[in-house]
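Here the structure comes first, spelled out in structure tokens, and everything after it is commentary.
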Amino acid sequence: MFGQIDPPQRLLMGPGPVNVHPRVLRAMTADMLGQFDPEMTGYMNQTMALYRQVFMTENRWTFLVDGTARAGIEAALVSLVEPGARLLILRAGRFGLLLSEIAQRIGAEIRTIDIPWGEVAPPEQIEAAIIEHRPQVFATIHGDTSTTMAQPLDGVGAICRRHGVLSYVDATATLGGMAVATDAWGVDVVTGGLQKCMGGPPGSAPITISDRAAAHIMARRHVEAGIRGADAQDGSRTRIGSNYFDLAMIMEYWSEKRLNHHTEATSMLYAAREAARIMVEEGLEARFARHRAASEAMAAGLRAMGLTLYGQDAYRMANVTGVFIPDGVDGERARTRMREEFEIEIGTAFGPLAGRIWRIGAMGYNAMKHKVLITLGALEAVLAAEGHALPRGAGVDAARASYEAMPGAAS
Ligand SMILES: *Cc1c(COP(=O)(O)O)cnc(C)c1O
Numbered sequence: 057m058f059g060q061i062d063p064p065q066r067l068l069m070g071p072g073p074v075n076v077h078p079r080v081l082r083a084m085t086a087d088m089l090g091q092f093d094p095e096m097t098g099y100m101n102q103t104m105a106l107y108r109q110v111f112m113t114e115n116r117w118t119f120l121v122d123g124t125a126r127a128g129i130e131a132a133l134v135s136l137v138e139p140g141a142r143l144l145i146l147r148a149g150r151f152g153l154l155l156s157e158i159a160q161r162i163g164a165e166i167r168t169i170d171i172p173w174g175e176v177a178p179p180e181q182i183e184a185a186i187i188e189h190r191p192q193v194f195a196t197i198h199g200d201t202s203t204t205m206a207q208p209l210d211g212v213g214a215i216c217r218r219h220g221v222l223s224y225v226d227a228t229a230t231l232g233g234m235a236v237a238t239d240a241w242g243v244d245v246v247t248g249g250l251q252k253c254m255g256g257p258p259g260s261a262p263i264t265i266s267d268r269a270a271a272h273i274m275a276r277r278h279v280e281a282g283i284r285g286a287d288a289q290d291g292s293r294t295r296i297g298s299n300y301f302d303l304a305m306i307m308e309y310w311s312e313k314r315l316n317h318h319t320e321a322t323s324m325l326y327a328a329r330e331a332a333r334i335m336v337e338e339g340l341e342a343r344f345a346r347h348r349a350a351s352e353a354m355a356a357g358l359r360a361m362g363l364t365l366y367g368q369d370a371y372r373m374a375n376v377t378g379v380f381i382p383d384g385v386d387g388e389r390a391r392t393r394m395r396e397e398f399e400i401e402i403g404t405a406f407g408p409l410a411g412r413i414w415r416i417g418a419m420g421y422n423a424m425k426h427k428v429l430i431t432l433g434a435l436e437a438v439l440a441a442e443g444h445a446l447p448r449g450a451g452v453d454a455a456r457a458s459y460e461a462m463p464g465a466a467s
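Here the sequence shown stands for residues 57 to 467, where the numbers follow my numbering.
Encoded structure:
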């Protein structure tokens with residue numbers, strides 16, 4: 057007989073998933089409701105209202121796609137991008153590559169702006185590429201966790217609108233940790249996840265959709281026999297090539313029509329609702345400041361230990377920090393020691409950065425002073441045990457000083 061689930065109490069300081077806020081865990085233990093029970097549809101409407109605040113938007117269409125963050129990405133792309141349509145993708149890391157992989161399966165005509173990992177693209181470069189390629193949709197990542205860089209998106213939505221281009225942003229890693237300013241950026245579709253800065257479990261993908269993107273998606277609406285009845289479909293548009301990820305159908309499910317599609321993942325809805333409630337209660341600005349304070353302290357501590365940070369300071373994500381593995385240290389052995397001796401997980405890296413950097417997160421419920429200090433102290437001990445000479449105590453002291461230099465920073 058296998059034992060009851062009883063995982064070790066690890067401190068998850070990687071790029072996600074991270075430890076879940078206890079209130080979110082408690083919300084998930086609540087019992088099921090029928091899909092069309094007024095209590096349930098009430099919770100769905102409250103969740104839509106809460107995520108408008110999380111996404112900093114007035115968009116009517118703001119709801120959850122059931123599945124991990126990738127479900128939101130796939131739903132957005134398969135619903136926005138028609139087969140044969142041109143899609144311009146800004147690629148600066150692993151998740152940019154994922155967008156092309158999904159777009160390829162859709163049969164989109166893919167154009168890319170490829171920039172070196174660790175860098176970001178200025179808006180002029182994005183506009184020049186839009187003028188050159190004339191895409192139907194522009195897609196990018198806000199914070200690409202593979203590189204720990206955040207692409208600035210101020211003005212990008214306006215550029216897209218000026219050229220009649222729909223825009224999509226994957227904000228999975230930044231939602232809840234940095235401003236994801238949907239309306240201020242003027243972007244059309246933004247998706248996220250719960251297991252990064254929202255402090256929830258993986259399995260729900262919040263999404264927000266502008267009216268103009270919703271009109272484009274609705275024009276591709278599929279008529280499902282038996283439930284939706286006869287309905288006009290614009291013959292000039294191809295139908296959305298997925299049933300589960302057909303955003304037009306999911307929108308009708310979340311609308312007043314409540315047209316049945318899937319069964320809303322009830323426990324995940326409870327989790328998403330509670331995670332957003334916690335964020336709104338904390339206040340968005342306070343929450344972003346808490347993430348900034350944690351990552352600045354982490355960065356200060358790592359530097360004081362004599363380590364070198366990866367990427368450009370000005371564009372660092374405020375929730376995960378890339379740091380070079382020092383010469384002579386086996387990165388995976390050190391990570392194993394962190395886990396086995398300290399019950400702390402830090403992140404490895406992918407592709408060109410594999411074996412070169414660790415990615416240390418301080419996200420959501422883990423963006424807290426004591427967790428930053430504990431992680432730095434453990435890393436110092438592990439590096440010393442691995443024979444790497446470093447100033448003892450300097451990392452933790454520098455992180456504490458960093459917190460002290462930020463009066464009022466929530467810890
Ligand atoms: C973590 C992450 C994802 C993938 O999310 P899943 O929940 O694993 O599907 C996608 N995009 C970005 C930017 C991420 O950081």
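A virtual CB, placed ideally from N, CA and C, is assigned to each residue, including glycine.
- Taking His198 as the centre and dropping the five residues before and after it, the same chain places the C-beta of Ala206, Gln207, Leu209, Val225, Asp226, Ala227, Thr230 and Val236 closer than 7 Å to its C-beta, in chain order.
- The Cβ-Cβ distance between Asn115 and Thr319 does not fall below 7 Å.
- According to DSSP, residue pairing for Phe194 in a beta bridge involves Leu144 and Ser223.
- For Ile416, the distance from the CB to the nearest heavy atom of ligand 1 is not below 6 Å.
- Separation of Arg218 and Leu146 (C-alpha to C-alpha, rounded to the nearest whole angstrom) is 18 Å.
- Contact between Ile186 and Ala177 is ruled out by a C-beta separation of about 12 Å, above the 8 Å threshold.
- Relative to the non-hydrogen atoms of ligand 1, the Cβ of Ala125 comes within a distance shorter than 6 Å of at least one.
- When secondary structure is reduced to three states using DSSP, Thr168 falls in the strand class.
- By the beta-carbon neighbour count (other beta carbons within 10 angstroms, threshold 16), Asn422 is buried.
- Between Met354 and Gly232, the C-beta spacing is not below 7 Å.
- Secondary structure at Ser311: coil, using DSSP grouped into helix, strand and coil.
- Look at the beta carbons and you see the stretch 355–365 not touching the stretch 400–411: under three pairs across the two are nearer than 8 Å.
- With a contact defined as Cβ atoms closer than 8 Å, Ser223 and Arg150 miss out at about 21 Å.
- With contacts defined by Cβ atoms closer than 7 Å, Ile158 and Glu130 form a contacting pair.
- The DSSP-derived three-state label of Ala159 is helix.
- With respect to the C-alpha of Leu68, the residue from Met394, Glu337, Phe194 and Val80 having the closest C-alpha is Met394.
- Straight through space, the alpha carbons of Leu432 and His317 are spaced by roughly 47 Å.
- DSSP lists Leu365 and Trp414 as the beta-bridge partner residues of Val379.
- By the Cβ-count criterion, His77 is buried, with 16 or more other Cβ atoms from all chains shown falling within 10 Å of its own Cβ.
- In the assembly as shown, Pro257 is a buried residue. Its beta-carbon has 16 or more other beta-carbons within 10 Å.
- Residues Met84 of the same chain have their beta carbon placed closer than 7 Å to that of Ser323, with the five preceding and five following residues left out of the count.
- It is roughly 25 Å from the alpha-carbon of Glu388 to the alpha-carbon of Leu153.
- Counting along the chain, no beta strand (DSSP E) covers Val80; the unbroken alpha helix (DSSP H) around it starts and ends at Pro78 to Ala83.
- Between the alpha carbons of Lys252 and Ala332 lies a distance of about 13 Å.
- In this structure, the straight-line span from the alpha carbon of Ile171 to that of Thr196 is close to 12 Å.
- In the three-state reduction of the DSSP assignment, Asp122 falls in the strand class.
- Under the three-pair Cβ rule at 8 Å, the stretch 429–444 counts as touching the stretch 376–385.
- In the DSSP assignment, Pro179 falls within the alpha helix (DSSP H) that extends over Pro179 to His189.
- Under the three-state reduction of DSSP, Gly451 is assigned to helix.
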